[in-house]
Structure formats: structure tokens, C-alpha cells
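Okay, structure first, notes after.
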Amino acid sequence: MNRVRLLVFNAALGALDYRVPEGMTVEPGSAVVAPLGPRQIVGIVWEAERLETAEVPESKLRPLIEVLSVPPLKAELRRLVEWTADYYCASLASVARMVLASGGALRGPASVTEYRLTGGMPERMTPQRERAIEALDGEQATIRELAGIAGVSEGVLRGLVNQGVLEPVTVDTDRPYKRAEADHAAPQLTREQQAVAQRLGEAVEAGGFAPFLLDGVTGSGKTEAYFEAIARALRNGRQVLVLLPEIALTEAFLRRFEERFGAPPVTWHSSLKSTERRRAWRAIASGEAQVVVGARSALFLPYARLGLIVVDEAHEVSFKQDDGVRYNARDVAVMRASFERIPVVLASATPALESLQMAASGTYERLELPSRFGGAELPGIAAIDLTRDPPERQRWLAPPLVAAIEDRLAKREQSLLFLNRRGYAPLTLCRHCGFRFQCGNCSAWLVEHRLSRRLACHHCGHEEPPPAACPECGEPECLVACGPGVERIADEVRERFPEARIAIATSDTLNSPDKVAAFVSAVDAGAVDVIVGTQLVTKGFHFPELTLVGVVDADLGLEGGDLRAAERSYQQIAQVAGRAGRGAKPGEVLIQTRHPKAPVIAALAAGDRAAFYDAETEARRHAGAPPFGRWAAIIVSSEDEAEAKEAARALGGSRPAVADIAILGPAPAPLSLLRGRYRYRLLVNARRSAGLQQVIAQWLGGLSFPRSVRIGIDIDPYSFV
Ligand code: ADP
Ligand code: ZN
């Protein structure tokens, strides 16, 4: 092959052709460096017939510069990249960027210099230096990364290096990982678990595409069961990918994994340092990384010998990426397994309706774990009708829930109060003039966070200190908090039970692996009586002494009414309920609601999952919603309101008339201003059989917009804001 076509990481460049110089060998999938004008770019050699571009005459071709020292991307992965780009209406370049997610990995063997504190102090202390020394305790990274962690300039840190406060450490970037052993500490499985493990083991052994839905109640030991399939893959020298929805869950998983296999798995997530990222990427590509645990982005890595994929808590909405390439990792995982011809396991106690449907139609094989491990019973669930049993004014916990907490405190058992709202209060207003604090960049209220003394926008991250006086009328000390967040619930518990030890568990308080680990140990050691948490604590955690779960506001998730609101509420409450009574003592769940007869609440209280899913399935069928029909959202945005509106109108005006496809809108998006951009939305609803993506691609391909207008396409959207 003396002429090659490259996929490059800039969509605007399209595919580029080059000449392969004498003595250089490349094959499809090779990562290469090529000249582009005066610059050099990285590209992947692709099958020319699969990438369209204008033909360049032989004589104009420039030669490739270098082949990078990484294994060529396999055909299975190249097909996945194409499928993902096609399905989610994204550019090949943007998907390929997720594959080559570590720029550093493309360079040959190397070492880097990292720095860490020596314990010494500088001759002259400055506030900046003090801040750095405090923030860098226990850290080791490059100067640039440390500067990011400490929030100081690199210059400040260089000063500390000169003073001997930071010392250099040379790190081999490719040092090997500790090996996991399949038989390190295999548990005695229950009969039910054994049946699941055996079926999964057979599938791993046999190879071939095999999708499974592992449908097991909370606390049934799904993890133990799929660990046996991992053991089988390890014995066969195959790699395993386990996708977890949140880094917060990873900590507990890592511990269990290490106990079982004698070594931690390789982790992959967005906050890895660049050296760790490079090390992991290269070990994955060489096949040395045996088991990778990661967030959704781990799905696109170039595994050399993938033998099994597990998607744990597969119903979780966080598997859906909502910016950049808007993909659903659960669905892409199944596609990857299909291209790689390997088994994939979707594990959940509350599977997505789409997954249940796939199992019902026989596309997925269903494996069930209907009872809890160790004879633990599922907790009893009861609703508290807030219209009949309301809390006192400015309080949020109804008398029966308060009594239940008191009872647990007396018995030295633990309670968990769930409210999916970070901060102290979702809305702050002026008592005097009624002014409401709103984000300047978004159509959203600012949320008061008392612990960190700030008003924050949960959409764009904008923060400001709470003002001493109302910015509108100037009245001092006039701010009132409206409604509760977890911090306010924690205050109420503290007022009612001053002796109770309380832990607030949200993405604000558990924002690093260390903090999650500290939280888990504190609860395990019995140093916490009441946990107040958001959805972060609804899944994955196993606290045997936790016997009471209180759902503070079960109606919250049903507001806003997007297509999955009922399903999501059901899943969230069923999951958080699943944290109760996992040990020897029975659990109790109390759900505060104003609508005890609502189908979601009634099904939960009756423990009748099938009733809920059956009703929900019918509602979806009726609405032409997934899995019976398909949706796509198109968001048109611009910093200029008139321009956004005009572009949306132009898009709407040129909508194609296609049988089986309805196009609704444009209308202002529910979040009509986000990060300073005005947003309009169109919704496309298609019958299952209609070619949704082609229609959208053709429709948008025929239009052009000013550069300042952005068009976002979200296939199978989860967020309808
Ligand atoms: P799930 O993920 O289904 O909610 P887990 O996998 O977290 O359940 O299991 C619940 C608890 O039971 C965990 O502490 C786990 O270690 C324990 N467990 C499950 N199966 C076994 C087993 N076969 N032997 C010993 N402990 C088990
Ligand atoms: Zn904002």
C-alpha cells in the first residue's frame, strides 16, 4: 500500500490522503503522524473505501512522517467508531478522539518527572504558598497538574521546588500493573448465584455475541455472580471491561474486586492524571490490563483481547452523555460486544424498560436473582401521606418518619434520608420585595449552599457569595430560603436529635475517591447515625446496620414530566429502598408523598414491580415513546436570542415531510438560556422502523447557519431540558 487515507481528529479537515514513504509499513488502524501545512497531525489509517473525500492526484500526495508505536486499532473498533458516529449523528473525528483519549499514550516508552511535598517549609511563607502546601498534601503529579489541583500558578510551585518544599520523582510511565488472580478468594456462591455464574461462564468460554440482562433484586449478590464470569475471562487471558455509572461507586467496587482477585483493577475516568491515563491506555492496548473499571468513556478504548463487558447499574441515566458525542454507553456497550463477538451483561435491580423489552422479546437472555443474599429480606415499604400527616411549619420530616429515626437512634441502627437536591435551599428570595436570585447565564434559580457559603447555579457552575442586602431593593438581611435541600434536612435532624451523628452525602461532599472512602469507612465503623444524601447514595452501597430509609419527597422526580419521569422515580426510590435491611436486621422504608395513590408510589408500596412496568409499558406504547417509537431532540442555540430564534425557525420551516415521522417545534427549550446561550428545541418522533438518522442528516445537511449558531442533535435523548 503506497497510498493511504487518514481519519484525523478535526472534523473540518475531512479525510486526508498521504503517500507511504519507502521502508515504512502501515495497515488499517495504524496511528501515524502526517504533515499538514507547516504542522504535524496525528491520524488513523482507515479503509479508503469507507471514508469519502475528494481524490488527490498521486503527484500531490505528501509522505507520512512516522508510524506511532502503538498497536493498530482493530477492525472491530473501527466499525464501532463508524457505527457510533452514524447512529448518534456525530462526526467520525469526534468519536475517534474518544478512542485516542490519551495524547501522551501515542509516544514511545517514557518517564516523567512528578513532584510531591517533602514536608519542609519555605523560608518565606505567602498566602499562595500556604494554599499550595495545604492543597498538595498527599498529591504527586506534574507541576502543571499540581497547579490545577492547588489553584495556584506554576510559577508559585517552581518557587517551592527551588526552596526544597517540593521534590522531583522520576516515574516510569509504563510500569506494569499488579496481576489479578482468578482464584484468589472465590466465595461460596448460593444456588441461584451459581446458576447465573455458570451460564455467564459458558458464554465467556464459548465466545460469540451474547447479551444478558442480569435482573436481580438489591442485595442479591449480582456482583459476586458476574465476578465468576470475570474469573473465567481472566483464566482465558481475555480482558474485561466493567462500566460503572459514577466514580463514587468505584471506591467500594475496587475494594471488593481486590478482595476477590488479589489486585485492584485498572481504573479509567475523566479525572485521571495524564500519566495514569497514558499508562492505562497503553496497558489496555497491549492487552496487559486485565480488568478495566471505568466510566462510560472506557468503552471506546482499544482493548487488545476483550472477552466480556459488564454494565453495572445498567438502568442509570448517567450512562447517557449529554454533551459532545451524545451517546448512551449502555447501548454502545451492546454494540461493542456485538462487533467484538463477546458476551455483555447488563446488571440491575430496576432495569430500564427498553432492556426489559429486549429480554421479553428474547433478544437478551434474562438471568434472575430473585432473593437477597444470606437470607436478608427485602424491606417493607410504606407511604406517608403528607396531606394527612404533614410536618410542622418550616420542617420537612413528617411525624411518622421522625418517630422511626428516633427508634433507630435508640437501637443504634443507621438511617438514610434521601432527597435529590444538593445544597440548603433550591430558591432564595427577598422577604421585602420578592426578588428571586437567578443565574445570569441560565434560566435557573441559584441554589443556596450554606456549608460552603455561596449561591450556585447547578447548570453552569456559576457561584457568588450570598449578598448582605437584596440587590433589588437594598433591604439588608432579608433573604429567605424556600424549600429544602439536603443541608436543610441535615439541620432539621440536628435540631431534633442533637446527639445524632450526621453525614451529608452529595457530589459536593463526596467529590473525590478519598472522601468517598472516608465516608464508607465512617458508616461501616458505626460512626454515622443518619446519612442525608442525594441520588449518589441510592445505589451500590452496602451498609448492613442501615435499617431505615426515608424518602423525603417522592413527588419531586415526577415534576417536569419528561418521558421517563415515572420510570426514573420508580428506579430511584426502589434503589434507595434497596439500601435498607441488607444485613441481619430487617429494613423499613418510609416514602413521604402528597400522592400516595400515584401509580409509582402504589407499586412501590405494594412491592409490585411488574404492575408498574406493565402500566408504564402501555403508556409508552400509546405515546409512541421508546422502546416502541424513537425520539431525537434538536437544540438550536446562540448567544444572540434573535439569531437562535431565527435559526430555529429556518430549521422548522424546512422540515421534511416523511411518513411515520413527526417533527414538533421549534419552541423555546425548557432551559431557554444555558451558559449564556439562548436555546430552541425541535423534537422528532419516529416509528421504530423509520430511518430517523438519515432523515435528520439529510434535513440538516441541506441547511447552513452562521458560525455562531450551534445545532446539537440528541438521538434517544434522556434529558428533555
Ligand atoms: P447487589 O449488587 O445485587 O445489590 P451485592 O453484590 O452488593 O448485591 O451483594 C450484597 C452483599 O452480599 C455484599 O456485601 C456481598 O459481598 C454479599 N454477598 C453476596 N453474595 C455472596 C456470597 N456468595 N458469599 C459471600 N458474600 C456474598
Ligand atoms: Zn447558570
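In this note's numbering, the protein residues as written are 5 to 725.
C-beta atoms are modelled at their ideal positions from N, C-alpha and C, and glycine is treated no differently.
These numbers were taken from a predicted model, which means no experiment stands behind them.
In the DSSP output, what is residue i paired with across the bridge?
i: residue 422; result: 537, 555
i: residue 442; result: 449
i: residue 120; result: 171
i: residue 432; result: 485
i: residue 176; result: 115
i: residue 635; result: 689
i: residue 509; result: 537
i: residue 208; result: In the DSSP output, where bridge partners are listed per residue, residue 208 has none listed.
In this structure, does DSSP put residue i in helix, strand or coil?
i: residue 2; result: Beyond the ends of the chain as shown, which are 5 and 725, falls residue 2; an answer cannot be given.
i: residue 371; result: strand
i: residue 22; result: strand
i: residue 144; result: coil
i: residue 384; result: strand
i: residue 490; result: helix
i: residue 336; result: helix
i: residue 166; result: helix
i: residue 528; result: helix
i: residue 454; result: coil
i: residue 55; result: coil
i: residue 220; result: strand
i: residue 271; result: strand
i: residue 306; result: coil
i: residue 244; result: strand
i: residue 132; result: helix
i: residue 65; result: coil
i: residue 234; result: helix
i: residue 327; result: coil
i: residue 70; result: strand
i: residue 193; result: coil
i: residue 714; result: strand
Could you name the residues of the same chain whose beta carbon sits closer than 6 angstroms to that of residue i, not counting the 5 residues immediately before and after it, in chain order?
i: residue 578; result: 354
i: residue 709; result: 651
i: residue 230; result: 314, 349
i: residue 316; result: 248, 351
i: residue 454; result: 428, 491
i: residue 266; result: 185, 188
Count the other CB atoms within 10 Å of the CB of residue i; is the residue buried (16 or more) or exposed (fewer)?
i: residue 486; result: exposed
i: residue 78; result: buried
i: residue 608; result: buried
i: residue 707; result: exposed
i: residue 499; result: exposed
i: residue 586; result: buried
i: residue 141; result: exposed
i: residue 104; result: buried
i: residue 496; result: buried
i: residue 426; result: buried
i: residue 57; result: exposed
i: residue 719; result: buried
Chain B beta carbons: is any one of them nearer than 8 angstroms to that of residue i?
i: residue 562; result: Checking the listed chains, one finds no chain B in this structure; it contains a single protein chain.
Hey, out of the options, whose CA is closest to residue i's CA?
i: residue 256; options: 165, 550, 517; result: 517
i: residue 12; options: 332, 142, 185, 95; result: 95
i: residue 381; options: 593, 31, 685; result: 593
i: residue 18; options: 97, 48, 85; result: 97
i: residue 113; options: 402, 178, 479; result: 178
i: residue 370; options: 618, 693, 217; result: 217
i: residue 631; options: 563, 197, 363; result: 363
i: residue 625; options: 599, 689, 671; result: 689
i: residue 657; options: 41, 377, 648, 670; result: 670
i: residue 87; options: 338, 570, 556; result: 338
i: residue 137; options: 120, 525, 149; result: 120
i: residue 700; options: 254, 208, 717, 168; result: 717
i: residue 462; options: 675, 85, 66; result: 675
i: residue 27; options: 69, 44, 39; result: 69
i: residue 678; options: 448, 20, 685; result: 448
i: residue 589; options: 566, 548, 616; result: 548
Kindly list the residues whose CB is nearer than 8 angstroms to the CB of residue i, restricted to its own chain and excluding five residues on each side of it in sequence; keep chain order.
i: residue 812; result: This structure cannot settle anything about residue 812, because the visible part of the chain is limited to 5 through 725.
i: residue 693; result: 664
Go through its chain and collect everything with a Cβ distance to residue i's Cβ below 7 angstroms, but skip five positions before and after it.
i: residue 385; result: 581, 593, 595, 608, 609, 611
i: residue 160; result: 132, 133, 136
i: residue 505; result: 531, 532, 533
i: residue 158; result: 147, 148, 151
Notebook entry, point to check: Around the ligand FMN, what residues have a beta-carbon under 5 angstroms from a heavy atom of it, in chain order?
Noted result: Ligands displayed in this structure: the ligand ADP and the ligand ZN; the ligand FMN is not among them.
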